[in-house]
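What follows is a set of notes on a single structure, which appears directly below.
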Amino acid sequence: MTESVVAGHRKSGLLTIPYLELTLYNMIEQEHRKSQRIAKPVLGFTFNTARKTLRGIAVMKMIQKGQVQGVKKGNVRAQRAFVSQSFGLVA
């Protein structure tokens with residue numbers, strides 16, 4: 165939608181949620197779709213196993229996006245050390 169269309173909808177009351185919120189909501193939903201696709205095989209797990217698995221998936225996504233400070237995207241050793249430290253694993 166262009167700004168003039170958004171402004172017109174907002175004036176007429178058709179657009180109750182601000183456009184920026186709609187855009188952010190769509191971005192979140194796109195990310196959530198990926199998580200749902202990954203989590204589907206986890207449906208048969210026990211609660212604790214599913215929780216741990218989803219936590220691991222979330223950490224790996226954060227590393228993949230470069231959201232973890234001190235761990236660069238291509239630095240496999242730093243990624244391995246971070247995962248080991250986060251989950252108490254021996255590396």
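Just so we're aligned, residue 165 is where the sequence shown starts under this note's numbering, counting upward by one. Ideal Cβ positions, reconstructed from N, Cα and C, are used throughout, including at glycine. Please read these numbers as outputs of a predicted model, since none were measured by experiment.
Anticipated Cβ contact below 8 Å, Ile227 with Gln243, distance rounded: Confirmed, Cβ separation roughly 5 Å.
Could you check what DSSP says for Val235 in three-state terms: helix, strand or coil? Val235 falls in the coil class under three-state DSSP.
Going along the chain, which residues of its own chain have a beta-carbon closer than 8 Å to the beta-carbon of Leu253, five neighbours each way excluded? Cβ neighbours of Leu253 beyond the five flanking positions: Val247.
For Val223, tell me which candidate among Leu188, Asn212, Arg197 and Ala245 has the shortest Cα-Cα distance. Sorting Leu188, Asn212, Arg197 and Ala245 by C-alpha distance to the C-alpha of Val223 places Ala245 at the top.
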